[in-house]
Amino acid sequence: MEERAWAGSGVSVIPEDMFLTWLKIFPDGLRVAEKNGEICGHGYVQISDFNPSAKKDQRSWNEVTDYGYTTNTHNPNSNSVYVVSFSALGVGKKLHLHFLDLTRKYMKKYLVGACRMPGLIKYAQKKNVKMVSKSFVTEYARLVCKTAKEKDKKFFDPVLSVFASANGMRYFDVVKNYFNDRDSGNWACVLYFKNEF
Numbered sequence: 163m164e165e166r167a168w169a170g171s172g173v174s175v176i177p178e179d180m181f182l183t184w185l186k187i188f189p190d191g192l193r194v195a196e197k198n199g200e201i202c203g204h205g206y207v208q209i210s211d212f213n214p215s216a217k218k219d220q221r222s223w224n225e226v227t228d229y230g231y232t233t234n235t236h237n238p239n240s241n242s243v244y245v246v247s248f249s250a251l252g253v254g255k256k257l258h259l260h261f262l263d264l265t266r267k268y269m270k271k272y273l274v275g276a277c278r279m280p281g282l283i284k285y286a287q288k289k290n291v292k293m294v295s296k297s298f299v300t301e302y303a304r305l306v307c308k309t310a311k312e313k314d315k316k317f318f319d320p321v322l323s324v325f326a327s328a329n330g331m332r333y334f335d336v337v338k339n340y341f342n343d344r345d346s347g348n349w350a351c352v353l354y355f356k357n358e359f
């Protein structure tokens, strides 16, 4: 499933030992989706701190998640549910709703996730932009988020539009070199949901 989900994107497949580590660190944080007897998606979250006022937080996925293993970054006393890994073939919204419920169950203030933007580099090429700057990526991400909220398909990104349109998700910032993803130019857009207790 991992190989099908990330085929041709340059995104690394999650190794088995990482899944096993997640089960030890935070078993409630791992959700596997099944359809017609086949695994079609998974998501894993950790509990960590998030501050929507800290726009200078430009840490990479490796830094935020301890290279994905979460051994040193998962902290049950922190204020947010942070999406570490999300791979879904047709079940993304259901997994997202599960993690919203988990945010409420654990009474955490935020659900946070960094999204791929696989339409970014194609958009840059269309605009004849050679060097993708933070201001260009910010403009792209904000436009995608705005049109997603309005259910407008004129400006659509295959991943970011889906999550930006989800229940109460808000734009936070874009992060350069967040992860290796050729189609996103290694950029990510961080979105968050504020849990109203």
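In the working numbering, the protein residues as written are 163 to 359.
C-beta: ideal position from N, C-alpha, C; glycine also.
Counting Cβ pairs, one atom from each stretch, are 3 or more of them under 8 Å apart for the segment 292 to 307 and the segment 176 to 191?
no
Once you ignore the five residues that flank F317 on each side, which residues in its own chain have a CB closer than 7 Å to its CB?
L305, V306 and T309
K218 bridges to which residues according to DSSP?
Paired residues: none, contrary to the question.
Compute the distance between the beta-carbons of N237 and I209, then report whether it is under 8 Å.
yes
Can you tell me which of K338, K356 and S346 puts its alpha carbon nearest to the alpha carbon of N224?
K338
Where S249 falls, given that 16 or more other Cβ within 10 Å makes a residue buried:
buried
So within the segment 184 to 210, which uninterrupted beta strand (DSSP E) runs reach at least 3 residues, ignoring any that extend past its ends?
192 to 197 and 200 to 210
Residue-chain proximity (D319, chain D), Cβ-Cβ < 8 Å:
Absence of chain D from the displayed structure is noted, only one protein chain being present.
Whole-Å CB distance - G347 paired with V291, under 8 Å assumed:
So it is not a contact: roughly 10 Å between Cβ atoms.
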